[in-house]
Amino acid sequence: MKIRRPFLLKPFQRPSNLYDLRKVFKPHWFQGNREDKKYFEGWYFKNVSADKKHCWSFIPGISLNDTDPHAFVQAIDGQSGKTFYFRYPADEFAFTDDKFEVWVGKNYFSSEKLYLDLDDGDHRFNGEIFFEDITRYPVSISRPGIMGWYRYMPFMECYHGVVSLDHGLKGYLNHGDQQIDFSDGRGYIEKDWGSSMPKAWIWMQTNHFDQPGTSFMLSVARIPWIGSTFTGFLGFFLHDNQLISFATYTGAEISELSYTDREVHITITGHKYLIHIHGVKAEHHDENRPKGGLKAPVLGNMDRIIHESIDAEIHVTITDLEGNEVFKGTGRHSGLEFVGDLELLKL
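Here the sequence shown is numbered in my numbering, starting from 29 and rising by one per residue.
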């Protein structure tokens with residue numbers, strides 16, 4: 029692939045005011061401005077092969093701070109639990125100002141494909157994966173993305189966006205001497221940006237149910253808010269081309285939250301549905317196996333380590349308020365994170 033250099037912003041140069049306005053309704057676009065000194069932004073690209081034997085997630089992003097500004101690409105292997113962190117100078121991060129395109133060095137990421145040319149001397153990834161039949165999260169003035177009206181609040185610690193709820197894959201990746209065929213596999217893309225990830229959170233995602241095109245995501249976090257904190261959540265369930273959104277801003281509530289080291293039970297009560305969720309990390313996630321140590325931001329610095337399972341199971345049951353079952357199924361090859369003191373989420 030020939031790398032086309034985009035409209036490049038020089039370090040600490042702001043994009044146009046028009047871009048600042050348009051990006052509010054384009055949460056998949058780069059949301060920063062490089063003047064921020066305590067800022068991060070990262071996109072999460074999950075890719076599962078058709079035979080389910082390979083699950084690789086890649087996270088391109090940028091960390092802007094006073095001490096160690098840099099761009100990066102993180103990689104996590106769902107089969108082994110191993111993670112890799114590739115660093116780049118901050119000025120090797122680039123983006124376009126009219127659509128979602130991001131470069132980190134020679135690596136390219138967009139809504140349509142990713143291209144990798146990663147090599148730190150010990151580990152190498154190269155190849156190209158195309159995304160097909162993308163299902164996007166709807167955007168409107170009242171709900172400019174999955175955060176709803178919270179997206180308009182300028183002082184949030186962390187913002188969240190969903191780029192693709194579900195899509196098909198086509199292409200190959202080479203990891204060392206191994207070539208991995210992702211054709212006819214499934215993918216998912218989301219992102220975070222802001223100054224820091226929350227103090228405590230639960231996150232889960234899967235689009236590998238028995239029926240293709242079914243996708244689920246839930247994030248529960250302790251959120252700073254005007255001198256205080258509260259537990260907020262957001263999520264979606266996609267099935268038969270119908271989307272159910274549930275979040276603090278929709279008036280839904282968490283009526284149950286319990287957990288162990290490996291499992292979490294959550295019940296969400298909405299205006300029309302009860303959503304029962306049971307997330308379980310794989311049995312082989314023990315102390316002798318790598319757990320996916322990913323770097324996460326604190327005030328823009330990538331110096332917090334979190335552990336993610338991307339081979340968990342998520343059991344989802346949805347009923348109407350009269351108890352009639354609307355959906356029941358198990359999502360596999362799932363991402364699942366428990367981070368921080370989860371007791372804070374019960375407050």
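Glycine is no exception: its CB is placed at the ideal position from the N, C-alpha and C atoms. Only a predicted model underlies this, so the values are computations on that prediction, with no experimental measurement involved.
| Query | Result |
| --- | --- |
| Pairwise C-alpha distance: T163 and S139 | 11 angstroms |
| Closest residue to D145 among P172, I174, F114 (Cα-Cα distance) | F114 |
| Limits of the unbroken beta strand (DSSP E) element including D209 | 206–209 |
| K74 - DSSP class collapsed to helix/strand/coil | strand |
| Bridge-paired residues (DSSP) for H304 | T295, T345 |
| CB of D212 within 7 angstroms of CB of Y200, strictly | no |
| Simplified DSSP state of R179, which is helix, strand or coil | helix |
| Test item: CB-CB of G328 and L92 under 7 angstroms | yes |
| Under 7 angstroms between C-beta atoms of I338 and G307 | no |
| Proximity winner among V76, P55, D119, D94, relative to V326 (alpha-carbon distances) | D94 |
| Cβ contact check for the region 222–242 and the region 100–112: 3 or more pairs under 8 angstroms | no |
| Assigned exposure category for N135 - 16 Cβ within 10 Å defines buried | buried |
| Local conformation of K374 per DSSP, three classes | helix |
| For L322, the three-state DSSP class (helix, strand or coil) | strand |
| Residues bridged to M245 [DSSP beta-bridge criterion] | Q233, F264 |
| T111 classed as buried or exposed, judged by whether at least 16 other C-beta atoms fall within 10 angstroms | buried |
| Top-ranked residue by Cα proximity to K309, from P117, V292, A340, L271 | A340 |
| Unbroken stretches of the beta strand (DSSP E), 3 residues or longer, contained in the region 62–128 | 67–76, 83–92, 98–105, 111–117, 121–123 |
| R360 - containing beta strand (DSSP E), residue span | 353–367 |
| C-alpha distance - W57 paired with F73, whole-angstrom precision | 14 angstroms |
| Local Cβ density within 10 Å of T242, reported as buried at 16 or more and exposed below that | buried |
| Proximal residues to G263 (C-beta, below 6 angstroms), its chain only, five neighbours per side dropped | M245, L246, F274 |
| Proximity below 7 angstroms, CB of W84 to CB of K219 | no |
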